[in-house]
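Asker: First residue of the sequence shown: 9, per this note's numbering; consecutive thereafter.
Dropping a structure here in structure tokens format, bear with me for questions.
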Amino acid sequence: MTPPSDKLRELVTNIITTVETRGLFVHSTDLEIKYSESSSAKSQVKTMRLPLIVGTCVLNALVPRSAMLLVGGHGGGKTTLAKVLGRMMTGKSLEAIEDGILRGHPQLTEEKMVATLKPGPLMKEGVEVVVWRAFVTGFWKIIDEVNRLTPHAQNILLSLLAEGEVKYYDDVKRCEEYCLYATLNPADAGTFDLGPPFLDRFGIAVPITMPTVSDLELILASRDERLFGYDELWQVPALLTEEDLLKIWNLADKVPVSQEASEYLRALVREFGACIRADKSQSSGLTVETGLCDGCHFNTAKSVCNKVIIPLSVRAAKDLHRYAKAVAWLVGAQEVSTEIVKSIAPLVFWHRTRFVRDETERSPYYGNIYAFTEHLVELASARFAQRAPAVTIIEDLKQGKESNQALEDLKEMAKSDLLVRLDYAEYAKELKKSRYSKMVQNLEKGIRSRDVEGLTKIHEELIRETDFPNRSMLLKQVSDALHKLTLTQFELTFEQWQDIWTTIGVQYPKLTPILKETLEPPKRKVLRVDGLTLVIYVTGDSPDSSVFLEISGGSEAVRLKEVLNSQLVT
């Protein structure tokens, strides 16, 4: 029997194929993804090619509360592509998807964008009854020409992207689950500036260039949609539902990230912001373009730091982490590898930073920001490969393996590596403290013996001792160990969940109000008490709708697991 994950993956792949083969969107540029189907060192590396534009748009729908930019000139099919994918990935009609499109315009008011008041109750009784627009209430959100939104309209949208809610008068609308697509035409004469904080809210962006001669041949050979429209049963079929997407979000989130890929991801983001002289996020006067790098030892052609003006945010790292997991799930990889992170990084980075103009406008880029970002990712990747000995030293120190030579080796490496000098060398000094080594040994002993009580005591000790060396990392290691040792995953139906939640509520009365909220799906909740973490994901309210429940933490997690197992067996 085919696992549910494989069936959903096949449907997502069919969507990409359908868009291409039925002439819905044609573009010959590909996104190459290298991956291994297993985590074994001997596993063969495979390559999967996705159409760059369609593949990225589909990928965006596999990430929860995602927002994407489609950047290109007019007439490139950006909005049409977002519409047909909305039909195929949610099951809604094209007409329903069209009703939820927000058209960017300088005269777009809050009433046209967000909500309005019912005139009857307002005039007769003075009661403000808010009627939310389809753009706000819909799952599949499209903004056409986001660059034509005024700063005020951008702020309204920023509230949605940042907080997942919009406000109108005294009413607040939560938008907990959605996929958002925004088209952007940078050459439009009516364009308003989009600031870095606003652009940073879009997790991924894809450049849409003009089609080639062969692309145009396929486009012109397809049936004229102006004459015939779209056949929603064959040409634009409904292959997934909103509930299916919620399941995929949960499945993709469970894909592990390899240790090397995690190190690479963090180093990659850091390369786009590190500076030996100043914190670029705080510097308001001197910049890379105005002399910050003059005379600097690291100001070389192979450096990344001297080409980046606006550093990447923490949000960029989180988005890269999310989209890399979605890619791994889509291609069927057992874990996120460095190759997967590298393949998706330019799409996550290029729109949210600013580079030195002289660098981007010279040959061979001529203003192609996306291609220049790919180049910088290559430079950062080469530097990461050279940094391997430093990474090994840090990993040994993390495990409590003291080495008198370690600090000297790192000091030597720091002469030619900015990240080693800024981050690794100072970090190593903390890791060499004797208190740290002893704690690591106790931690390793607890993990080997699967001693949940002992690990819980270590966690409590670290909570108390705020000055402990490398405390944050140790707390994470203890929490991760307790999570793995006590993790139990239940896949229930909504009908079962209606009984199970009351059992949990009886055991932990303080959680009851939040547990009740899960009865109005879709809902995702993380609940915590001492020694227990619950992750609840309710995809729908039909009796057979999937509910994913994770229990972990400590001794309380073990106890609740036994209670629920007993109830499910009976």
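Even glycine gets a Cβ: it sits at the ideal position worked out from N, Cα and C.
Keep in mind it's a predicted model, so treat the numbers as computed, not measured.
(1) CB G63 to CB I24, shorter than 8 Å?
(2) I believe A325 touches L387 by the beta-carbon criterion, under 8 Å. Please report the beta-carbon distance rounded to the nearest angstrom.
(3) Quick check: what's the CA-CA separation for T496 versus E279?
(4) I'd like to know whether the C-beta atoms of E347 and A336 end up nearer to each other than 8 Å.
(5) Can you list, in chain order, the residues of its chain with a C-beta nearer than 7 Å to that of V566? Leave out the 5 residues immediately preceding and following it.
(6) In chain order, which alpha helix (DSSP H) runs of at least 4 residues are fully inside the segment 406-490?
(7) Buried or exposed for A170, going by 16 or more other Cβ atoms inside 10 Å?
(8) Using 8 Å as the cut-off, can you tell me whether the segment 353-365 makes contact with the segment 208-216, which would need three or more C-beta pairs spanning the two stretches below that distance?
(9) From S266, A190, A433 and D366, pick the residue whose C-alpha is nearest to that of D152; which is it?
(10) Taking just the CA atoms, how far does A341 sit from A433?
(11) Out of L60, D425 and F498, state which residue places its alpha-carbon closest to the alpha-carbon of P354.
(12) Whose CA, out of G513, P517, W148 and Q504, lies closest to the CA of P551?
(13) Hey, would you say L427 sits closer than 8 Å to R395, going by beta carbons?
(14) When the Cα atoms are used, what is the spatial distance from S563 to A269?
(15) So R111 packs on Y186, CB below 8 Å; how close in whole Å?
(16) Tell me which residues share the same chain as N163 and place their Cβ nearer than 7 Å to its Cβ, disregarding the 5 neighbours each side in the sequence.
(17) Would you say V144 and L125 are within 8 Å of each other, going by their C-beta atoms?
(18) Are G108 and T249 closer than 8 Å when you measure CB to CB?
(19) Enumerate in chain order the residues of its own chain whose CB-to-CB distance from L384 is below 6 Å, with the five nearest sequence positions on each side excluded.
(20) Using only the alpha-carbon positions, how far apart do S554 and E369 sit?
(21) Within the same chain, show all residues whose beta-carbon is closer than 6 Å to that of L93, passing over the 5 residues directly before and after it, in chain order.
(22) If you reduce the DSSP assignment to three classes, tell me which class G561 lands in.
(23) Counting only runs of 4+ residues fully inside the segment 499-573, write out the alpha helix (DSSP H) ranges in chain order.
(24) What is the C-beta distance between G84 and L226, in whole angstroms, given that I count them as a contact (C-beta under 8 Å)?
(25) By DSSP's criteria, Q497 is part of a beta bridge. Which residues make up the other side?
(26) A393: which of S445, E271 and L338 sits nearest, CA to CA?
(27) So the candidates are F147, G513 and L165; which of them puts its Cα closest to the Cα of P529?
(28) Return helix, strand or coil for P319, following the three-state DSSP convention.
(29) Mapping DSSP to helix, strand and coil, what is L294?
(30) So who's on the other strand from F363, going by DSSP bridges?
(31) Hey, L415 and K446 are a contact pair by Cβ (cut 8 Å); roughly how many whole angstroms apart?
(32) I need the boundaries of the beta strand (DSSP E) containing Y176, first residue and last residue.
(33) Straight-line CA distance for G81 to L89?
(34) Which residue from K533, E367 and K15 puts its Cα closest to that of L253?
(35) What distance in whole Å lies between the Cβ atoms of Y545 and N307, which are believed to be in contact at a cut-off of 8 Å?
(36) Relative to the C-alpha of R182, which residue among D223, P127, E133 and V122 is closest?
Answerer: Checking against the coordinates, here is how it stands:
(1) Here residue 63 refers to the residue found at position 55 when the sequence shown is read from its first residue. Here residue 24 refers to the residue found at position 16 when the sequence shown is read from its first residue. Cβ distance < 8 Å, so G63 and I24 count as in contact.
(2) Mapped onto the sequence shown, residue 325 falls at position 317. Mapped onto the sequence shown, residue 387 falls at position 379. In fact, because the Cβ distance is near 18 Å, the residues do not count as touching under 8 Å.
(3) Residue 496 sits at position 488 when you count from the first residue of the sequence shown. Residue 279 sits at position 271 when you count from the first residue of the sequence shown. Near 38 Å, if we compare the C-alpha coordinates of E279 and T496.
(4) Indexing the sequence shown from 1 puts residue 347 at position 339. Indexing the sequence shown from 1 puts residue 336 at position 328. Their beta carbons are not under 8 Å apart, which means E347 does not touch A336 by this criterion.
(5) What you label residue 566 is simply residue 558 of the sequence shown in a count that begins at 1. These residues qualify, in order along the chain: V460 and T494.
(6) If only uninterrupted alpha helix (DSSP H) runs of at least 4 residues are considered, those enclosed by the segment 406-490 are 414-421, 433-439, 442-456 and 460-472.
(7) In the sequence shown, counting from the first residue as 1, residue 170 sits at position 162. That one is exposed.
(8) yes
(9) In the sequence shown, counting from the first residue as 1, residue 152 sits at position 144. The shortest C-alpha separation from D152 is found at A190.
(10) Reading the sequence shown from its first residue, position 425 is the one you call residue 433. Reading the sequence shown from its first residue, position 333 is the one you call residue 341. A433 and A341: Cα-Cα distance of roughly 34 Å.
(11) Looking up residue 354 in the sequence shown gives position 346. That would be L60, whose Cα lies nearest to the Cα of P354.
(12) For the purposes of this step, residue 551 is identified with residue 543 of the sequence shown, where counting begins at 1. Comparing Cα-Cα distances from P551 to each of G513, P517, W148 and Q504, the minimum goes to Q504.
(13) Locating residue 427 in the sequence shown gives position 419, counting from the first residue. Locating residue 395 in the sequence shown gives position 387, counting from the first residue. Yes, these two residues count as a Cβ contact at 8 Å.
(14) The residue labelled residue 563 in the question sits at position 555 within the sequence shown. The residue labelled residue 269 in the question sits at position 261 within the sequence shown. Using only the alpha carbons, I get a separation of about 32 Å.
(15) The residue labelled residue 111 in the question sits at position 103 within the sequence shown. The residue labelled residue 186 in the question sits at position 178 within the sequence shown. Rounded, the Cβ-Cβ distance is 18 Å, inconsistent with contact.
(16) Within the sequence shown, residue 163 is the residue found at index 155, counting from 1. Counting only residues of its own chain and dropping the five nearest sequence neighbours on each side, N163 has no CB closer than 7 Å to any other CB.
(17) The residue given as residue 144 occupies position 136 in the sequence shown. The residue given as residue 125 occupies position 117 in the sequence shown. Contact: no.
(18) Your numbering for residue 108 matches position 100 in the sequence shown. Your numbering for residue 249 matches position 241 in the sequence shown. No.
(19) Sequence index remark: in the sequence shown, residue 384 carries index 376 (1-based). Result list for L384: V312, in chain order.
(20) Position 546 of the sequence shown, counting from 1, holds the residue named residue 554. Position 361 of the sequence shown, counting from 1, holds the residue named residue 369. Each residue's Cα considered, the two are about 51 Å apart.
(21) As a first step, residue 93 must be located in the sequence shown, where it is residue number 85. Around L93: C65.
(22) For this step, residue 561 is matched to residue 553 along the sequence shown. It is a strand residue.
(23) 502-515 and 520-525, all fully within the segment 499-573.
(24) Residue 84 sits at position 76 when you count from the first residue of the sequence shown. Residue 226 sits at position 218 when you count from the first residue of the sequence shown. Your pair G84 and L226 does not check out as a contact, with CB atoms roughly 15 Å apart and the cut at 8 Å.
(25) Looking up residue 497 in the sequence shown gives position 489. Answer is E558.
(26) Sequence index remark: in the sequence shown, residue 393 carries index 385 (1-based). When only C-alpha atoms are compared, the closest one is E271.
(27) Start at 1 with the first residue of the sequence shown, and residue 529 comes out as number 521. The candidate whose alpha carbon is nearest that of P529 is F147.
(28) Taking the sequence shown and counting its residues from 1, one reaches residue 319 at position 311. The answer is coil: DSSP assigns P319 none of H, G, I, E or B.
(29) Residue 294 sits at position 286 when you count from the first residue of the sequence shown. If DSSP states are grouped into helix, strand and coil, L294 belongs with coil.
(30) Taking the sequence shown and counting its residues from 1, one reaches residue 363 at position 355. For F363, which the question treats as bridged, DSSP gives the partners V316.
(31) Translated into positions along the sequence shown, residue 415 becomes position 407. Translated into positions along the sequence shown, residue 446 becomes position 438. For L415 against K446, the beta-carbon gap comes to about 19 Å, at or over 8 Å, which does not count as contact.
(32) As a first step, residue 176 must be located in the sequence shown, where it is residue number 168. It spans E173 to Y176 - the beta strand (DSSP E) in which Y176 sits, taken as one unbroken run.
(33) As a first step, residue 81 is located in the sequence shown; it is residue number 73 there, counting from the start. As a first step, residue 89 is located in the sequence shown; it is residue number 81 there, counting from the start. Roughly 14 Å between the two C-alpha positions.
(34) Translated into positions along the sequence shown, residue 253 becomes position 245. Selected option, being the one with the closest Cα: K15.
(35) Within the sequence shown, numbered from 1, the residue matching residue 307 stands at position 299. Within the sequence shown, numbered from 1, the residue matching residue 545 stands at position 537. At roughly 48 Å, the Cβ-Cβ gap does not stay under 8 Å, so N307 and Y545 are not in contact.
(36) One-based indexing of the sequence shown puts residue 182 at position 174. Ranking D223, P127, E133 and V122 by Cα distance to R182 puts V122 first.
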